[in-house]
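Sequences listed follow chains A and B, in order. According to this note's numbering, numbering within the first sequence proceeds without interruption in unit steps and concludes at 317. According to this note's numbering, numbering within the second sequence proceeds without interruption in unit steps and concludes at 627.
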Amino acid sequence: MGRFSLYNTNIDFLRWRKLAMIWSVTVLLIAVGSLLVRGMSLGLDFTGGTVIEVQYPQPMEIPKVRETLAKAGFGDAQTQHFGTSRDVLIRIPPRGGQGNAATLSNDVLHALQSAKGGAGVTLARAEFVGPQVGQELVEQGGLAALGALAGILLYVMFRFEWRLAVGTIAATVHDVLFTVGWFSLFQIEFDLTVLAAVLAVIGYSVNDTVVVLDRIRENFRKRRKGSAQEIMNLSINETLSRTIMTSFVTLLSVIVMYFFGGVVMHGFSVAMIVGIVVGTYSSIYIASATALYLGISREDLLPRAKETADDRP
Amino acid sequence: MSTPYTLNQYPWWKYLLIGLVMLWGLIFALPNLFGEDPAVQISGARANIAVDAAFQNRVAALLDADKLSHKRLELDDGRLLIRFPDTELQLKAADILKDRLGRDYIVALNLASSAPGFLRAMGLNPMYLGLDLRGGVHFLMQVDMDATIKQIEDSYVDEIRVQLRNEKAQYASVGRAASGGVQVEFKDEAERDKAAQALRKNLANLQQDEPGPLSLRLTLGEPEIREKRDFALQQNITTLRNRVNELGVAEPIIQQQGSDRIVVQLPGVQDTARAKEILGATATLEFRLADEENDWNQAATTGRAPINSRLYKDRDGQPVLLQKRVMLTGDSIVDAASGIDQQSGGPAVYVTLDGKGAKRMEDGTKGNIGKRMGVVFIENKTETKRVDGELKKTAYTVEEVINVATIRDRLGRRFQITGLDSTREARDLALLLRAGALASPIEIIEERTVGPSAGKENIAQGFRAAAIALLVIAVFMTLRYKYFGLIATAALAANVVLLIAALSMLQATLTLPGIAGIVLTMGMAVDANVLIYERIREELRNGNSPQAAIHAGFDRAFDTILDSNLTTLIAAIMLFGFGTGPVKGFAVTLSIGILTSMFTAVVGSRALVNLIYGGRKLQKLTV
């Protein structure tokens, strides 16, 4: 593989910070716009309803399944293949009047088994989520995301400096909005595992950013010369090969998960792939550029207690 | 900087420590290598049914008679475990055994770890697989607390009527108020005040207020509501526990969640329709006077009960003759708790009835002191069976006498049942009395079922993804960092071993998202090594000697590694705090993975580097 020439790079990243900001703001506006206009394609976990995944011993055509279900009184069911042509996924929206909602999956399976060619149908998965549960999951998911952001903000403020903390949060919010916007724009189903992935993206994005921040702090303390922008540029360049290596390796493992982890893991993997890619970009641009806009200077990062005692050149 | 040869050497105890940690990891991860056997687990349905060596022989004979080949039988802690070579035999055997052994035994499907006995004896178990990996049903049930409070208020309506009549207070009407509570309307204020005073004395637990000039409202106090809600929840949990036993599930989980919910997890259960039927069965109680005039055993042998009586059986199968007339039903029971009798010091059950029930009890017992009274536990069940290819639902009831006791006194609102053999019997009786009390409505608000083949597929795919990811990372790291890449791979492998060991030790539930967490951790775990190696390269480029570069690389990267991992850990902990089910599984593996990876990537790989490069004179270093 040789060496990719990421060493001694001297790219003036922050020269383009205006361009980056414009780009990011535009993309985020698209994301938010899509969220407002198209909304999310929320999965069963959040909307409530019933999902049943069945497996036929032989390939089965969807219209036939649909017909059987309509006859049995499930005209509102959505039916699609899931993975192979033998696997069928049936979605039934939440029905008013609780009553038999809990026995719905059994009734559907029974209807399919009684139909022609349905003798060997087996149940692979059935999920029923009541409306009250879905509402709670939405709230808990939002709380988890906010809690994670708040916790990280405090940590970075404590370990670094508030401008960098704000920059980190800006980068993280950017990544989360981008990922969620992606799911909205392409109407990919957003379920509980995708939510977990989004929270993992928060963790990953911060992880990535903190490495750059660490170097910025180190360089501010070590070098006496150079403007804040120069030092930040230097730090980003110095950590560039690591940033790209780590993102690449993590990306590899997530891509493997997408292809080999089964259909259930698709949403999760897509969220992680998108999150890692934008997370890499944001840790280079958003975090430091934001701190720069907020007017960070060398003095802000010098160790406070030792400030006067430390006279080393 | 100078280049002392001693720079990259660990003291011997550090190697020892790392060796010990790895040994611990290998031992705890070991049981996961053996896989699991499909098994059938048999236990006694009641305390007095023995599962012993004689029973083991009986079961072995049954299995041999049907030519059901099995791996082995194990007797352990009152349970018999039979291992089978495949699932087909397991299912067949379970059906046959259920049929032959009857209702005295609980026959449950199980997956038993096939790790050798000495490992299990040491308390070493494989990872606990979640329902999405082993197949099974998860229910989340909600107790309808509004309905519960309504039921209680309804019973107070009767009680208040009785009280007012006793006090000769004239009232116009008594009923549940729309806004909650019980409202009494009067014709004049004097009567209202008289009634208010009487009720304050006799029903002191109710709060009074006056919404209108001629009305009085009584509401339940906050502590009482809390108590009733708790009772309703516990009652349902108890009932569900009883039912689940009947389903034959080896490791059921029935837990309270929040203030009004119950989680039921039934690993291995496939027939969800049947599970719902059994869980949804309702129970009631009947108090009947015993038939003292006829011979119970004679009735049992002829199978015919005298005209005014009914023939029952108690829990040990002994006949009991009770009068046809029902004195009281379980709806009147407000509470039942086991305790110790003040006079005799023996175990006792304390029963509390509502007002209407107390009245009926008084009337029923006052002329019958010295006679016996029986309590019948009645379960209403439905069963769906395939008859000529058509599914048919049939309803049936199971009746059983759970207690017969002599009436010592005129019984009222509170009474006790004594003469029980043990505290365990008292506890069981109290449980059944509570289960038969007026049930709080309960509904399934979430269900997740995973078929057994789907579960197996999930595991296979998850582990394949993890293995491929490990391989891809190993290849890539080696290409990029040469020997150091190999060291990072070794550290990564060690990380996976430690992670599996920690999960096995904690018996944390491994779910499919949990496996995703493992895969993700692998990607992120190499980050620490990447940070270190890039730092070493940087130091080399700055003109440092190889040894000094290694030293500085590890040293300086550490702060960064700590910061970046701690922030990820914060996100993982938040996820754990708010997540449910499978997502929690993801948070668990991610958190543990972060901790173990810090150890392996920083300490572990450092030790390897020190062993290989430390204390040598290095001219050149390939990173």
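Positions of the beta carbon are idealized from the N, C-alpha and C atoms, including for glycine.
Within the same chain, Cβ atoms closer than 7 Å to the Cβ of R245 of chain B are found at I258, the five residues on either side in sequence being excluded. When secondary structure is reduced to three states using DSSP, Q139 of chain A falls in the helix class. Between the alpha carbons of H270 of chain A and K460 of chain B lies a gap of roughly 18 Å. Interface flag for H114 of chain A against chain B is set, since a Cβ pair is found closer than 9 Å. With fewer than 16 neighbouring CB atoms inside 10 Å of its own CB, R19 of chain A falls in the exposed class. According to the DSSP assignment, R364 of chain B belongs to the alpha helix (DSSP H) that extends over G359 to K370.
Between A495 of chain B and L612 of chain B, the gap from beta carbon to beta carbon is short of 9 Å. Residue burial is scored here from C-beta neighbours: T83 of chain A has at least 16 other C-beta atoms within 10 angstroms and is therefore classed as buried.
Taking K280 of chain B as reference, the option from B:R452, B:A520 and B:W17 with the minimal CA-CA separation is B:R452.
The stretch 570–588 of chain B makes contact with the stretch 191–207 of chain A; the number of CB pairs closer than 8 Å reaches 3 or more. Beyond the five residues adjoining it in sequence on each side, V523 of chain B comes within less than 7 Å, by CB distance, of A469, A470 and A473 in the same chain, given in chain order. The C-beta distance from L93 of chain B to S118 of chain B rounds to 15 Å, too long to fall under 8 Å, and the pair is not in contact. Around D179 of chain A, no beta-carbon contact reaches into chain B at under 8 Å, the shortest distance being about 12 Å. Under the 8 Å Cβ criterion, the stretch 339–348 of chain B does not count as touching the stretch 316–323 of chain B, having fewer than three qualifying pairs. For the pair of segments examined, the stretch 310–321 of chain B was found not to touch the stretch 263–275 of chain B: the number of CB pairs separated by less than 8 Å stays below three. C-alpha of I300 of chain A to C-alpha of G134 of chain B: approximately 49 Å in a straight line. The distance from the Cβ of L222 of chain B to that of V186 of chain B is about 5 Å, consistent with a contact at the 8 Å cut-off.
By the rule that beta-carbons nearer than 9 Å mark a contact, L73 of chain A does not touch chain B. Given a length threshold of 4 residues, each whole run of the alpha helix (DSSP H) inside the stretch 40–95 of chain B is given here in chain order: 57–69. Separation of T51 of chain A and F194 of chain A (C-alpha to C-alpha, rounded to the nearest whole angstrom) is 10 Å. Judged by beta-carbon spacing, I382 of chain B lies beyond the 9 Å limit of D413 of chain B, meaning their Cβ atoms are not closer than that value.
The alpha carbon of G145 of chain A has as its nearest neighbour, out of A:L196, A:V216 and A:V184, the alpha carbon of A:L196.
Counting along the chain, V268 of chain B sits inside the beta strand (DSSP E) bounded by residues R265 to P271. Boundaries cannot be given for S231 of chain A, as no alpha helix (DSSP H) includes it and DSSP labels it neither H nor E. The beta carbon of V147 of chain B sits closer than 6 Å to those of A236, L237, N240, D264, S444 and I446, all from its chain and outside the five residues before and after it, given in chain order. As DSSP reads the structure, H85 of chain A sits in a beta bridge with A:V92. Our two residues, R364 of chain B and M331 of chain B, have alpha carbons roughly 7 Å apart in a direct line.
Distance from the CA atom of G82 of chain B to the CA atom of V184 of chain A, rounded to whole angstroms, is 53 Å. Around the beta carbon of R230 of chain B, fewer than 16 other beta carbons sit within 10 angstroms, so the residue counts as exposed. Within 7 Å of the CB of S245 of chain A, the CB atoms of chain B belong to E538, in sequence order along the chain. Ranking B:L625, B:I536, B:Q201 and B:L115 by CA distance to the CA of G547 of chain B puts B:L625 first. Within the stretch 255–315 of chain A, complete alpha helix (DSSP H) segments of at least 4 residues are found at 270–288, 290–297 and 302–305, given in chain order. In the three-state reduction of the DSSP assignment, G179 of chain B falls in the strand class.
Interface criterion met: the Cβ of A130 of chain A is under 9 Å from a Cβ in chain B. By the Cβ test, the stretch 299–309 of chain B is not in contact with the stretch 403–411 of chain B, since fewer than three Cβ pairs between them sit closer than 8 Å.
Not a single CB atom of chain B sits nearer than 9 Å to the CB of E193 of chain A.
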